[in-house]
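With the sequence shown counted from 1, adding 37 to any position gets you the numbering used here. No residue lacks a Cβ here, since even glycine has one placed at the ideal position from N, Cα and C.
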Amino acid sequence: MNFGQAISSGFRNYVGFTGRACRSEFWYWTLFTVVGSICLSILDTAVFPQILWSPLGTVFSVALLLPSLAVMVRRVHDVDKSGWFVLLIFIPVIGWIILLVWELRKGDEGDNRFGVDPLGAPAEESIQS
């Protein structure tokens, strides 16, 4: 999945908490949100120098909160973990490390309990005697 496809998928599935997201989809989405936030913070500083908070950056962040959460849940699904594990983000350091490891890990090949492999690898078929 390339950058454009990942961003398109993030917006198309902005409330899609089912299924799976491959590493490239998750990390391209993360790159998009970080770069967008930085650019808007710079623009906010230039346009609104007297305002201490970043109005454009805040609108951007709020608008992308739900799609970002959905992409993260689908990414955790790709490593066969429940989406509820995303709540580990609220446990400082330890939770962040656990989520980072899962987000960096290669997803399960083939189908898992959350859906088909986003990379298209066929599921292993059982051999019957």
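Excluding the 5 residues flanking residue i on each side, which residues of the same chain have their C-beta closer than 8 Å to its C-beta?
i: residue 53; result: 107 and 111
Please list the terminal residues of the continuous alpha helix (DSSP H) segment that includes residue i.
i: residue 184; result: Past the boundaries of the shown model lies residue 184; the chain is included only from 38 to 166, so the question cannot be answered.
i: residue 97; result: 92-115
i: residue 77; result: 60-84
i: residue 167; result: Outside the displayed range of the chain (38 to 166) lies residue 167, so it cannot be described from this structure.
Give me the residue from the options with the minimum Cα distance to residue i.
i: residue 43; options: 144, 67 and 79; result: 67
i: residue 141; options: 69, 51 and 65; result: 65
i: residue 6; options: 120, 134, 143 and 139; result: Lying outside 38 to 166, the shown extent of the chain, residue 6 is not represented and no answer is given.
i: residue 143; options: 63, 131, 127 and 85; result: 63
Can you give me the Cβ contacts of residue i inside the same chain, cut-off strictly under 7 Å, excluding the 5 residues immediately before and after it?
i: residue 162; result: Confidence in residue 162 is poor, its pLDDT being 48 and thus under 50, which makes the residue's placement too unreliable to answer from.
i: residue 61; result: 38 and 43
i: residue 103; result: 51 and 52
i: residue 164; result: Reliability of the predicted coordinates at residue 164 is poor, the pLDDT of 43 falling under 50, and the value obtained from them is presented with this limitation in mind. Excluding residues within five positions, none has a Cβ falling inside 7 Å.
State yes or no: is the C-beta of residue i within less than 7 Å of the C-beta of residue j?
i: residue 77; j: residue 97; result: yes
i: residue 136; j: residue 125; result: yes
i: residue 155; j: residue 59; result: yes
i: residue 147; j: residue 56; result: no
i: residue 113; j: residue 122; result: yes
i: residue 70; j: residue 89; result: no
Excluding the five sequence neighbours on either side, which residues of its own chain have a C-beta within less than 6 Å of the C-beta of residue i, listed in chain order?
i: residue 94; result: 74, 77, 78 and 81
i: residue 83; result: none
i: residue 145; result: 117
i: residue 87; result: none
i: residue 91; result: 78 and 81
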